[in-house]
Structure formats: structure tokens, C-alpha cells
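Colleague: This structure is in C-alpha cells; I'll ask about it shortly.
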Amino acid sequence: MAEQQPPDVKLPDPIEMSQAMANIAERSQRLVADFLERQNQSDDHGDLDPLNIGTAFIEMTARMMSDPAKLVHAQMNLWQDYMALWQSTAKRMIGEPSDPVAEPDSGDRRFKHADWDENQLFDFIKQSYLLSARWIQSTVGEVEGLDDKTAKKVDFYSRQFVDAMAPSNFVMTNPEVLRTTLESGGENLVRGLENLLTDLETGKGQLRIKMTDHEAFELGDNIAVTPGKVVYQNDLLQLIQYSPTTEQVYKRPLLIIPPWINKFYILDLREKNSFIKWAVGEGFTVFIISWVNPDEELAAKTFEDYMFEGPLEVLDAIKQATGERDVNVIGYCLGGTLLSCALSYMQAKGDDRFKTATFFTTMTDFTEAGELGVFIDEEQLSALEEKMNKKGYLEGTEMATTFNMLRANDLIWSFVVNNYLLGKEPFPFDLLYWNSDSTRMPAAMHSFYLRKLYQENLLKTPGGITLGGVPIDLTQIELPICMLSTREDHIAPWKSTYAATQLFSGPVKFILAASGHIAGVVNPPAGGKYSYWTNTKNPKDPDAWFKSAEPHPGSWWPEWSKWMARKSGKKVPARQPGDGKLKALEDAPGSYVKVRGSTEPESV
67 MAEQQPPDVK
77 LPDPIEMSQA
87 MANIAERSQR
97 LVADFLERQN
107 QSDDHGDLDP
117 LNIGTAFIEM
127 TARMMSDPAK
137 LVHAQMNLWQ
147 DYMALWQSTA
157 KRMIGEPSDP
167 VAEPDSGDRR
177 FKHADWDENQ
187 LFDFIKQSYL
197 LSARWIQSTV
207 GEVEGLDDKT
217 AKKVDFYSRQ
227 FVDAMAPSNF
237 VMTNPEVLRT
247 TLESGGENLV
257 RGLENLLTDL
267 ETGKGQLRIK
277 MTDHEAFELG
287 DNIAVTPGKV
297 VYQNDLLQLI
307 QYSPTTEQVY
317 KRPLLIIPPW
327 INKFYILDLR
337 EKNSFIKWAV
347 GEGFTVFIIS
357 WVNPDEELAA
367 KTFEDYMFEG
377 PLEVLDAIKQ
387 ATGERDVNVI
397 GYCLGGTLLS
407 CALSYMQAKG
417 DDRFKTATFF
427 TTMTDFTEAG
437 ELGVFIDEEQ
447 LSALEEKMNK
457 KGYLEGTEMA
467 TTFNMLRAND
477 LIWSFVVNNY
487 LLGKEPFPFD
497 LLYWNSDSTR
507 MPAAMHSFYL
517 RKLYQENLLK
527 TPGGITLGGV
537 PIDLTQIELP
547 ICMLSTREDH
557 IAPWKSTYAA
567 TQLFSGPVKF
577 ILAASGHIAG
587 VVNPPAGGKY
597 SYWTNTKNPK
607 DPDAWFKSAE
617 PHPGSWWPEW
627 SKWMARKSGK
637 KVPARQPGDG
647 KLKALEDAPG
657 SYVKVRGSTE
667 PESV
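In C-alpha cells:
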């Protein structure tokens, strides 16, 4: 058999390499100097553990060491797993078949490169990591005596550590990076360092990983393009009315209240996946709120202000625009939480202008708040409030970082590998463009939301919070409701959202969609993806609901449309934005949505 020849490796030009490295060194020196100067000017030196992680791990360690026999047993299990891995690897090295000792989950894209399976060395590295990761998380998870909040915090940050230490994140243990480095003569690492420095400079000393090509998108041009007009605005919002695409429309208008943690155009990314465009095509007169990206001038805006200047004020505007008093409404995530408060307030005031309500992935009972609860305790909230009070708002990128940590492998480490190790530019991706287009939070509003709802969980308790002088009581809400939750939601876990079926007094249709907080909602019928479940009954136990639920293939959108159509009145001639008493102010998507955070690229 002919001897295999080594690959033809192209070596970089030494002069070009030295010039590139000198340029990078100069930029790095300037960057570090600027970073250190900002640190010296900062007032935040006293808080070395703002996430309050240290206390949780100290308590965990103390509990673990109090039972040394259990720790020894765990170490023996790890040793036995490694012995099995050695035996399996040895068999493969002598040409015998051997089943893997540890395998990644089917959806784990870190190990998709063929060398992770075909190369014995990298297969051993992969399995060794998986065994260690499994051991760390199981050992930490079995520590007894921790309160529930501490246990969840330890589990969450142990997983963050495990994800960070994956061999795919390092040059010498990632076969794809090694191969690329040899083939390019190290140019990928040079480009990667350039990308890293650019991201640090963009973030003014903080790492803001570029997830997509920001230059590839422009609001109103190739994203958020459904035709419409801004017909009303105030300090907190612009109201967009979309142009009809059918000759007749349902008599009752439809209002969408998105969350103000992100921007509304998640429901209007492209024509092929725009819920708004699809709903207009179904014959609904669609309005949506585009929230302002607040600055220090709006620092005193409260949760109550968002209710009064949001859905309640918008109802008056819709009547002026269409002549219709009665409106159907959708609330998405935090927008749905606000909607539930508004409905309770309106019920107490005898205001029945909202005739039906749809909730997308909305929490009203925060007992099981999912992994976001890891960030909610007194120490972290106090530190956050101190930071917000200095500026008057919470910078949107901080919220974005929190959400990205919930899916660190997909939203952090995959880009570390792509951008910094492989030296590639991220692909243009509408969803990730939206994800990076974060918004700020007014200090007063955000503090109330985190404390009263997340930390104290007062919304589910009748009279637990008071807005506009009215004790909020969700049990008094009697209008027909449709709830849409998603089975793999890491932000609003579906079993937590399901609790609202037991709070509302009116008829509730609960739909559970496959996938997560975004993909499960933005799932157009034409895509033919995922599935959903329905049930004619809403038992108290969500597991009992799911056990007897009926599965359906594809998108839940048509299911909702049939429900909404029955509650939207007869058909009337289509209404054009600006034809009513409210004149068009500007074209959709409006100007409020184009205001970006201070550390984001100015690409719109």
C-alpha cells in the first residue's frame, strides 16, 4: 500500500504575518489601556460577585464535604467510566468494533464534524469531556440539604462551566479548527483575533459577540417590511396599522402587544415567516405596538405607565382609526403579562372593550420561573437597581447577555468557535439580527417587574399588586382566552404558563406548540415544521393535560385563526391606514424601532 503523503500546507508570508501581528498588537495595547482607564474611573470595584455565585458554591461545597462517603462513591463511578472508555478506545485502536461509552445529545452541534467520531484521538477527547461533564452535573445535582433556589443556581452555573470547558472551544482540541489552521497557515487565528478585538472595541471594553452580519439588514427594506403606517404615538410607543391585502376584513380589529424587552418585528422578520403579514392575509385589521427604546428621560416610567399609555390609550386610538370600540388583543411574553394586568383593571372599571385575549408564551404565575429565576435574588436585584439608578435605565445588552446564557452553546460558544477560532464572519440571519437589536429598560418599571412579579410572585394573588388604585385580580377576568405556549420554552416554561388556565374565570383554549420561545411562535404554515397539541379540557395538572391532548402536525397558526375568526364579527370593506380620524404619521415600521442601544452597531 502506498505511503500516505502529508497534506500540502500553505505557510503564511512571514512579512505579511508580522505586519498583521504588529497591527493587532498595537490595537490590543490601545484597547487594554482604554479598558484599564475605564476600570479605574468606574465606581463598581466593590462588588466582586454581582451574580451572588460565590455564596451558593460555598454552601454547596460545605454540604458535599459533610458526606465524604458519597463523594468517594461519585469519584469511583467516574473512575469506572474512564476505565470503560480506555477499554473502548483500545479496542478501536486494534481494529475491533466498540460501542461508545458516552454520546452527545442528538441536537448537540458542537461535535458534528466527522473527526469527532472517525478520529480515535478526538473521539476519546469528546467522550472524556462528556463523561466529566455528566459527572460534574450529577454530583452537584445530588448534593442534599440545599434550598431550592441555591440548588438551581449551582446547577445553572455548573452547566455554564461545563459548557465553557468543552473541547470544541479550544484550538488544540477542536479537529475542525486544527485542520483549518494547518490549511490556512494560521490565517484563521489572525482573522479570529481581529474579530475579537473588533467585538471588544464595539463593546467599549466588554465583549459583544457579533452574531450576524448587521450590514445585511435594514429595517423597512429587507426586514420588518409588511406595509403599514404609524397612526398614533406617545412617549412610550408608536401604533402601527397594517395595510389590508383582502377586499374585506373582519369587523373587529386585532391589537398585538409585544414585549418591550425586545422589538416588535420578531413577528415581522421576512415575508415567509411574518405572523403579521399572514394575519393580515387572513382578513384581520392588525395593529401592533412598537415600544420606544427608553433613555434616562424615561427613567421614572413605571409598569403602571406602560399599562395606561400602552394598551388602554391605544384602544382610544384604534376607535379613532377604525370607528370600532371593540377589539381583540394578543399579548406576547411580557406584553401578555401587561395585558393580564390591563384586563383585570378594565374588569374592575366595567370596561369591556377587549372582547377576546390571546397570550403567547406568557407567565402570570412565577412560582416556577425557569432558569431566569437564577438571576432573581435580593443581592442581585440590589446590585441591578444600583446600576440602573446611575443611568436611569438598564442597558439592553445586559438583558441580552442574560438570555444568551440560557442557551450558551447556541448563542455564545458557537460564535466563539466560528468568529474567533475559525476566523469566519457570521452569516446573515434575520432572527439573530433581531436578537442583537436589544432595548433598554426604564429603572422604575424594571425594578417593579422584577421584584413584584418575579421575586415576590404577587400577580397570581388577588390584590397582590395595585395599579391605578385598583387591586389586580386575574381571577375576575371573564372574557374568552386563547393561550399559546411552547414545549421547549426556556424563558416561560410551558407548565408555568399553563397555571393561568386555573386563574382566569372565562373559557380558556390552551394550545401547546413544539419548539421554543421564538421558533415555536414564529412557525408559519408554509414551513411544514413542528407540531402542536390541543385539549378540550384544562385539568389542574399540566401533565394530565398533555397526557390526554391531541397532537396535530405543522403550525398552530390556522388553529388560532379559526378560533379568532369566530370572535371577530362579520366581514366589512377593508380599512386603509389613515382613512379614519387618525392620519398616517410615517411608514411602518416607524422610527421608534430604529433607535438602537449605545453599544450596538449603527447599521440602521
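Those letters in the sequence shown? Residues 67 to 670, per my numbering, in order.
In this text, a Cβ means the ideal position worked out from N, Cα and C, and glycines have one as well.
(1) From F495 to Q413, what distance separates their C-alpha atoms?
(2) Apply the 10 Å Cβ neighbour rule to H280 and answer buried if 16 or more other Cβ atoms are within range, or exposed otherwise.
(3) Inspect the beta-carbon positions of W344 and L302 and report whether they are closer than 8 Å.
(4) I'd like the list of long-range same chain contacts for D147, defined as Cβ closer than 6 Å, with 5 residues on each side in sequence excluded.
(5) Whole angstroms are fine: how far does the CA of D265 sit from the CA of Q272?
(6) What do you get for P360, buried or exposed, if any count of 16 or more other CB atoms within 10 angstroms of its CB means buried?
(7) Do T428 and G402 count as a contact pair if the criterion is CB distance below 8 Å?
(8) Which residue spans inside the stretch 622-653 form an unbroken beta strand (DSSP E) run of at least 3?
(9) The alpha helix (DSSP H) that contains E379, what's its start and end?
(10) Using a Cβ distance threshold of 8 Å, determine whether the stretch 507-527 contacts the stretch 421-439, with at least three qualifying pairs required.
(11) Any idea if E348 is buried or exposed, counting beta-carbon neighbours within 10 angstroms, 16 or more meaning buried?
(12) Please identify the residue among I354, V380 and V440 whose C-alpha is closest to the C-alpha of V220.
(13) What does a CB cutoff of less than 8 Å around W479 pick up in its chain, not counting 5 residues either side in sequence?
(14) On the DSSP letters alone, give me the boundaries of the beta strand (DSSP E) that C548 sits inside.
(15) Terminal residues of the continuous alpha helix (DSSP H) containing T671?
(16) Determine, using beta-carbon pairs with one atom in the stretch 444-459 and one in the stretch 604-612, whether at least three such pairs fall under 8 Å.
(17) As a quick exercise: from I289, R158 and C407, pick the residue whose alpha carbon is nearest that of I323.
(18) Could you check if T247 is buried or exposed, using at least 16 other CB atoms within 10 Å of its CB as the buried criterion?
(19) Excluding sequence positions up to five away, which residues of its chain have a Cβ less than 6 Å from the Cβ of V536?
(20) Considering only their Cβ atoms, is the gap separating Q314 from T639 smaller than 8 Å?
(21) Apart from the five residues just before and just after V167, which ones in its own chain have a Cβ nearer than 8 Å to its Cβ?
(22) Under three-state DSSP, which class holds N359?
(23) Report the residue from Q186, V346 and P325 whose alpha carbon sits nearest the alpha carbon of Y398.
(24) Based on the DSSP secondary-structure assignment, which residues constitute the bridge partners of A423?
(25) For I342 versus W500, is the C-beta spacing smaller than 8 Å?
(26) In three-state terms, what does DSSP make of T205?
(27) Please classify T272: does DSSP put it in a helix, a strand, or coil?
(28) For the stretch 461-476 against the stretch 544-551, do three or more pairs of beta-carbon atoms, one drawn from each stretch, fall closer than 8 Å, so that the two count as touching?
(29) With 8 Å as the threshold, decide whether the Cβ of K660 is near any Cβ in chain D.
(30) Who are the near neighbours of K636 in its chain, counting only those whose CB is closer than 6 Å to its CB and skipping five residues on each side?
(31) How would you call L488, buried or exposed, if buried means at least 16 neighbouring beta carbons within 10 angstroms?
(32) As a quick exercise: from V346, I538, Q186 and E625, pick the residue whose alpha carbon is nearest that of P241.
(33) Quick one, are the C-beta atoms of G594 and G620 less than 8 Å apart?
(34) Decide if G258 is buried, meaning its Cβ has at least 16 other Cβ atoms within 10 Å, or exposed.
(35) In its own chain, which residues sit with a C-beta less than 6 Å from the C-beta of A199, not counting the 5 before and 5 after it?
(36) Rounded to whole angstroms, what is the Cα-Cα separation between M130 and W145?
Modeller: A quick look at the data gives this:
(1) Taking the sequence shown and counting its residues from 1, one reaches residue 495 at position 429. Taking the sequence shown and counting its residues from 1, one reaches residue 413 at position 347. About 42 Å.
(2) The residue labelled residue 280 in the question sits at position 214 within the sequence shown. Classification of H280: buried, given that the 10 Å Cβ count is 16 or more.
(3) Taking the sequence shown and counting its residues from 1, the one referred to as residue 344 is at position 278. Taking the sequence shown and counting its residues from 1, the one referred to as residue 302 is at position 236. It is not a contact, given that the beta carbons lie outside the stated cut-off.
(4) Within the sequence shown, residue 147 is the residue found at index 81, counting from 1. Excluding five sequence positions before and after D147, the CB atoms of its chain that fall closer than 6 Å to its own CB belong to L197, given in chain order.
(5) Here residue 272 refers to the residue found at position 206 of the sequence shown. Here residue 265 refers to the residue found at position 199 of the sequence shown. Inter-residue distance for Q272 and D265 is about 8 Å (C-alpha atoms, whole angstroms).
(6) Residue 360 sits at position 294 when you count from the first residue of the sequence shown. By the 10 Å Cβ count, P360 comes out buried.
(7) In the sequence shown, the residue the question calls residue 402 occupies position 336. In the sequence shown, the residue the question calls residue 428 occupies position 362. Yes, Cβ-Cβ distance for G402 and T428 is below 8 Å.
(8) For the stretch 622-653, whole beta strand (DSSP E) runs of length 3 or above, ordered along the chain, are 637-639.
(9) Indexing the sequence shown from 1 puts residue 379 at position 313. First-last of the alpha helix (DSSP H) with E379: E379 to T388.
(10) Taking 8 Å as the limit for Cβ pairs, the verdict is that the stretch 421-439 does touch the stretch 507-527.
(11) Along the sequence shown, read from residue 1 onward, the residue named residue 348 stands at position 282. With 16 or more other Cβ atoms from the protein chains shown falling within 10 Å of its own Cβ, E348 counts as buried.
(12) Counted from its first residue, the sequence shown places residue 220 at position 154. Checked all of I354, V380 and V440; the closest Cα to V220 is V440.
(13) Numbered from 1 along the sequence shown, position 413 holds the residue referred to as residue 479. Taken in chain order, the residues that qualify are R176, D229, A230, A232, S234 and N235.
(14) Your numbering for residue 548 matches position 482 in the sequence shown. Here the beta strand (DSSP E) through C548 covers I547 to T552.
(15) Since the displayed the chain opens at 67 and closes at 670, residue 671 lies outside it and no answer follows.
(16) No, they do not touch.
(17) Here residue 323 is taken as the residue at index 257 of the sequence shown, counted from 1. Among I289, R158 and C407, the Cα nearest to that of I323 belongs to C407.
(18) Position 181 of the sequence shown, counted from the start, is the residue given in the question as residue 247. Within a 10 Å sphere around the beta-carbon of T247 sit 16 or more other beta-carbons, which makes this residue buried.
(19) As a working note, residue 536 is residue 470 in the sequence shown. Hits under 6 Å: Y411 and A414.
(20) Residue mapping note: residue 639 aligns to position 573 of the sequence shown, counting from 1. Residue mapping note: residue 314 aligns to position 248 of the sequence shown, counting from 1. Per the sequence presented here, residue 639 reads as Pro, with Thr not at that position. Yes, the pair counts as a contact, with Cβ atoms nearer than the cut-off.
(21) Within the sequence shown, numbered from 1, the residue matching residue 167 stands at position 101. Contacts found: D147, A150, L151, S154, Q193 and L197.
(22) Looking up residue 359 in the sequence shown gives position 293. The three-state secondary structure of N359, taken from DSSP, is coil.
(23) Counting from 1 along the sequence shown, the entry for residue 398 is found at position 332. With distances taken between CA atoms, Y398 lies nearest to P325 out of Q186, V346 and P325.
(24) For the purposes of this step, residue 423 is taken as residue 357 along the sequence shown, with counting starting at 1. Partner(s): V395 and I547.
(25) Translated into the one-based positions of the sequence shown, residue 342 becomes position 276. Translated into the one-based positions of the sequence shown, residue 500 becomes position 434. With contacts defined by Cβ atoms closer than 8 Å, I342 and W500 do not form a contacting pair.
(26) Reading the sequence shown from its first residue, position 139 is the one you call residue 205. Helix at T205.
(27) Working through the sequence shown from its first residue, we reach residue 272 at position 206. Checking the sequence shown, residue 272 turns out to be Gln, not Thr. Of the three classes helix, strand and coil, the one that applies to Q272 here is coil, per DSSP.
(28) Here the stretch 461-476 makes no contact with the stretch 544-551; the two share fewer than three CB pairs at distances below 8 Å.
(29) Absent here is chain D; the protein component of the structure consists of one chain.
(30) The residue given as residue 636 occupies position 570 in the sequence shown. Around K636, the same chain offers K317 as residues with beta carbons nearer than 6 Å, after the five sequence neighbours per side are excluded.
(31) Along the sequence shown, read from residue 1 onward, the residue named residue 488 stands at position 422. That one is buried.
(32) Translated into positions along the sequence shown, residue 241 becomes position 175. Among V346, I538, Q186 and E625, the Cα nearest to that of P241 is on Q186.
(33) In the sequence shown, residue 594 corresponds to position 528, counting from 1. In the sequence shown, residue 620 corresponds to position 554, counting from 1. Contact flag set, yes.
(34) Within the sequence shown, residue 258 is the residue found at index 192, counting from 1. Counting every other CB atom within 10 Å of its CB across the protein chains shown gives G258 a total of 16 or more, marking it as buried.
(35) Taking the sequence shown and counting its residues from 1, the one referred to as residue 199 is at position 133. Cβ neighbours of A199 beyond the five flanking positions: V228.
(36) Along the sequence shown, one-based indexing puts residue 130 at 64. Along the sequence shown, one-based indexing puts residue 145 at 79. When rounded, the distance between both Cα atoms is 19 Å.
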